[in-house]
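First the structure, in the form of structure tokens, and then the observations on it.
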Amino acid sequence: MDILVQDTFKGKAEVIPFNFSEQLIGRSQRCEILLDSPFVSREHARLIYRDKAVLLEALGMNGTFLNSVPLKHGEPVKVEFGDKVAIGEFVLSLQRPHQERRGGYSADVGKKHLELETKIHNELLRKIDLRKISAHDIRSKEYLELVNRNLSLLFNTLDMELDEEVEEYMIKESFKSALLDLVNLGDSSRYRTAVYVDPGNQEAEEQFREFCDRIYKDLADDASPDHGKVQAIDKVEHGFQNCLQSHWLDLSPGLKQYAIQRLLRKDLNDIIFGLGPLEDLMRIPNVTEIMVVSRDLIYIEKKGLIEESGRAFISDEITLSIIERIVSPLGRRIDRSQPLVDARLPDGSRVNAIIPPLALKGPCLTIRKFSKDPFTIDDLIGFGTLTLSAANFLRSCVLAKKNLIVSGGTGTGKTTFLNVLSAFIPSQERIVTVEDSAELQLVQRHVVSLETKPANIEGEGAYSIRDLVRNALRMRPDRIIVGECRGAEALDMLQAMNTGHSGSMTTGHANSAHDILLRLETMVLMAVEMPVTAIRSQIASALDLIVQLNRFPTGERRVTSVTEVVAFDEDKGEVITEDVFFFDGQSLNYTGVLPTFIEELLRKKYLRLEEIF
Numbered sequence: 014m015d016i017l018v019q020d021t022f023k024g025k026a027e028v029i030p031f032n033f034s035e036q037l038i039g040r041s042q043r044c045e046i047l048l049d050s051p052f053v054s055r056e057h058a059r060l061i062y063r064d065k066a067v068l069l070e071a072l073g074m075n076g077t078f079l080n081s082v083p084l085k086h087g088e089p090v091k092v093e094f095g096d097k098v099a100i101g102e103f104v105l106s107l108q109r110p111h112q113e114r115r116g117g118y119s120a121d122v123g124k125k126h127l128e129l130e131t132k133i134h135n136e137l138l139r140k141i142d143l144r145k146i147s148a149h150d151i152r153s154k155e156y157l158e159l160v161n162r163n164l165s166l167l168f169n170t171l172d173m174e175l176d177e178e179v180e181e182y183m184i185k186e187s188f189k190s191a192l193l194d195l196v197n198l199g200d201s202s203r204y205r206t207a208v209y210v211d212p213g214n215q216e217a218e219e220q221f222r223e224f225c226d227r228i229y230k231d232l233a234d235d236a237s238p239d240h241g242k243v244q245a246i247d248k249v250e251h252g253f254q255n256c257l258q259s260h261w262l263d264l265s266p267g268l269k270q271y272a273i274q275r276l277l278r279k280d281l282n283d284i285i286f287g288l289g290p291l292e293d294l295m296r297i298p299n300v301t302e303i304m305v306v307s308r309d310l311i312y313i314e315k316k317g318l319i320e321e322s323g324r325a326f327i328s329d330e331i332t333l334s335i336i337e338r339i340v341s342p343l344g345r346r347i348d349r350s351q352p353l354v355d356a357r358l359p360d361g362s363r364v365n366a367i368i369p370p371l372a373l374k375g376p377c378l379t380i381r382k383f384s385k386d387p388f389t390i391d392d393l394i395g396f397g398t399l400t401l402s403a404a405n406f407l408r409s410c411v412l413a414k415k416n417l418i419v420s421g422g423t424g425t426g427k428t429t430f431l432n433v434l435s436a437f438i439p440s441q442e443r444i445v446t447v448e449d450s451a452e453l454q455l456v457q458r459h460v461v462s463l464e465t466k467p468a469n470i471e472g473e474g475a476y477s478i479r480d481l482v483r484n485a486l487r488m489r490p491d492r493i494i495v496g497e498c499r500g501a502e503a504l505d506m507l508q509a510m511n512t513g514h515s516g517s518m519t520t521g522h523a524n525s526a527h528d529i530l531l532r533l534e535t536m537v538l539m540a541v542e543m544p545v546t547a548i549r550s551q552i553a554s555a556l557d558l559i560v561q562l563n564r565f566p567t568g569e570r571r572v573t574s575v576t577e578v579v580a581f582d583e584d585k586g587e588v589i590t591e592d593v594f595f596f597d598g599q600s601l602n603y604t605g606v607l608p609t610f611i612e613e614l615l616r617k618k619y620l621r622l623e624e625i626f
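Residues in the sequence shown are numbered from 14 upward in steps of one, following the working numbering.
As structure tokens, this is what we get:
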């Protein structure tokens with residue numbers, strides 16, 4: 014069992030083995046889990062292994078939170094897999110042991126598989142110098158054939174003696190990868206097999222495909238793409254192991270050997286032509302985020318939960334070359350003089366790459382995948398993100414051009430929710446969107462999309478969110494949508510909302526409706542010095558609604574409150590808010606409070622009262 018420690022300030026992660034006895038957490042050097050931060054006590058908390066359970070005891074006075082609930086000092090509580098422990102800016106979670114994550118195989122089975130691929134890759138480099146071949150030539154059919162001819166020769170000449178466990182693991186991975194391609198891509202997956210096939214062994218490839226089809230047929234009732242691609246892939250991943258085991262005796266020694274070589278051929282082609290171990294992950298729709306902590310530690314997010322992928326790069330050099338392969342076509346570069354890149358892939362996925370000297374464990378990469386099919390309000394209701402009554406109310410608010418902000422922590426689905434709400438905007442309106450990295454997928458045609466630009470190598474030519482918001486005001490927008498307010502642009506956004514651009518929307522990082530108001534104050538002060546009361550008055554005048562999103566330990570993302578910004582209390586100097594909908598721990602319920610603008614919604618027939626009760 015391991016402990017994943019994530020530093021939310023620095024965007025770094027570290028895995029620490031759990032010793033199954035007792036481990037101190039804090040900033041003191043004597044702590045086994047060292048959290049170097051002034052927000053962490055010297056001895057902040059303690060993990061205890063007792064009666065086959067992991068307990069967490071809060072020791073420090075700075076606050077320890079289990080799934081956002083503060084722990085009482087000196088009272089141990091049980092910690093489960095998937096639980097999130099927040100200490101200062103750090104988030105800790107238990108990770109399942111390697112053997113369990115790898116389906117019953119020992120921890121070093123993946124290491125031996127990787128060693129074999131490294132050995133073959135090094136031999137291939139001796140035969141073909143990749144550095145002397147241009148980016149254009151490396152994509153040619155002739156080069157593809159050259160690589161695969163040399164791989165065939167290496168398979169026949171190299172010592173590829175494997176122990177029984179590694180052999181079984183690689184055979185199963187080979188069939189599983191092919192089967193997932195078949196479910197994910199349908200018959201179009203056949204074209205991908207061309208690069209994995211031994212040109213002189215078409216017969217073995219036919220046998221391999223027939224065996225895949227037999228497994229697929231057995232799983233077809235549960236894994237039909239008609240049930241939805243994500244659900245089908247989930248069912249294949251859960252049912253594949255048992256299904257293959259039932260056919261294991263039907264595998265001939267020759268087909269087993271071919272399956273191993275096919276996996277090696279696939280992995281090495283992915284390294285040379287694609288994204289290496291990330292290639293498959295980018296295609297699988299139920300993987301929503303990919304996090305490369307180091308070359309041999311890659312995490313993924315599925316259904317809101319982070320888990321280790323079991324994949325690895327064969328070296329830091331390969332990791333760096335694949336990062337360069339990702340960012341170069343985007344007109345960006347990454348090297349020791351410019352070791353950090355934030356970019357967007359052609360499909361809209363967000364990429365953040367950071368390399369040494371900033372990244373201490375080697376090249377680090379985070380990819381937040383972009384959904385090809387945008388979610389709709391019906392999808393969110395089906396997921397349990399919000400209720401039908403809350404959806405009806407929010408739809409009416411968008412139609413009535415109420416200004417709103419979607420608030421939530423990292424990964425709560427703020428941009429997705431903003432995109433869903435934007436679908437309610439009438440098609441005849443002119444919309445200008447402003448984003449750091451373009452993610453919004455508005456369905457309307459009359460949309461002007463603006464994206465920030467970083468400085469060039471001379472440090473000039475940068476255009477910030479604030480620059481673009483100011484420019485958007487000159488473009489005669491009916492509404493302005495800002496992907497995220499995180500700085501001085503909040504002032505310009507509030508002024509836009511106050512000067513005839515009603516119905517504008519944005520998102521912000523905060524844990525509650527109250528917190529987002531405080532954050533807005535701070536962001537405005539980054540732009541101009543003015544009295545706090547004046548800022549609060551501006552906020553109360555500009556904003557109509559705050560939609561709060563939270564992420565739960567189960568991975569679910571839910572709307573936990575829909576709050577009206579009512580007015581500014583001049584006597585108390587505070588912004589008055591009222592919850593219209595509130596999550597009580599079980600469901601999102603209407604509080605019985607009628608918003609001050611309810612009469613407008615009813616008069617314009619945007620809403621009927623029975624739709625929210």
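Virtual Cβ for every residue (Gly too), placed ideally from N, Cα, C.
If you run the structure through DSSP and keep just helix, strand and coil, what is residue i?
| i | result |
| --- | --- |
| residue 397 | coil |
| residue 603 | strand |
| residue 464 | strand |
| residue 102 | coil |
| residue 259 | helix |
| residue 565 | coil |
| residue 441 | coil |
| residue 580 | strand |
| residue 9 | This structure cannot speak to residue 9, because the chain is shown only from 14 to 626. |
| residue 281 | helix |
| residue 108 | strand |
| residue 428 | helix |
| residue 493 | strand |
| residue 159 | helix |
| residue 587 | strand |
| residue 83 | strand |
| residue 389 | coil |
| residue 336 | helix |
Let me check one thing: in DSSP terms, what residues is residue i bridge-paired to?
| i | result |
| --- | --- |
| residue 520 | 419 |
| residue 315 | 300 and 318 |
| residue 62 | 67 |
| residue 90 | 69 |
| residue 22 | DSSP, once it has assigned bridges, lists no residue as partnering residue 22. |
| residue 595 | 574 and 602 |
| residue 366 | 354 and 378 |
| residue 476 | 466 |
| residue 548 | Paired residue(s): none; residue 548 is not in a bridge. |
| residue 456 | Paired residue(s): none; residue 456 is not in a bridge. |
| residue 78 | 83 and 99 |
On a Cα-Cα basis, can you pick out the residue from the options that is closest to residue i?
| i | options | result |
| --- | --- | --- |
| residue 509 | 521, 281, 489 and 523 | 489 |
| residue 434 | 457, 422, 451 and 450 | 457 |
| residue 262 | 325, 317, 184 and 248 | 184 |
| residue 483 | 463, 473 and 472 | 463 |
| residue 460 | 38, 440 and 133 | 440 |
| residue 588 | 556, 25 and 613 | 556 |
| residue 481 | 470, 616, 275 and 501 | 501 |
| residue 628 | 300, 339 and 224 | A question about residue 628 goes unanswered here, because the residues of the chain that appear run from 14 up to 626. |
| residue 372 | 348, 494, 447 and 58 | 348 |
| residue 182 | 623, 277, 383 and 66 | 277 |
| residue 552 | 170, 582, 15 and 451 | 582 |
| residue 257 | 224, 496, 584 and 467 | 224 |
What's the gap between the Cα of residue i and the Cα of residue j?
| i | j | result |
| --- | --- | --- |
| residue 287 | residue 85 | 50 Å |
| residue 298 | residue 128 | 29 Å |
| residue 511 | residue 487 | 15 Å |
| residue 442 | residue 361 | 24 Å |
| residue 293 | residue 187 | 12 Å |
| residue 178 | residue 108 | 23 Å |
| residue 27 | residue 503 | 34 Å |
| residue 417 | residue 393 | 18 Å |
Only counting the same chain, and skipping five residues up and downstream in sequence, which positions put a Cβ closer than 6 Å to that of residue i?
| i | result |
| --- | --- |
| residue 36 | 45, 46 and 60 |
| residue 101 | 50, 52 and 53 |
| residue 406 | 625 |
Which residues in the same chain have their Cβ closer than 7 Å to the Cβ of residue i, if we skip the five residues on either side of it in sequence?
| i | result |
| --- | --- |
| residue 398 | 570, 571 and 572 |
| residue 564 | 317, 422, 424, 425 and 570 |
| residue 322 | 294, 311, 312 and 313 |
Among residues of its own chain, excluding the 5 on either side of residue i, which ones have a beta-carbon nearer than 8 Å to its beta-carbon?
| i | result |
| --- | --- |
| residue 590 | 526, 527, 530, 559, 576, 577, 578 and 579 |
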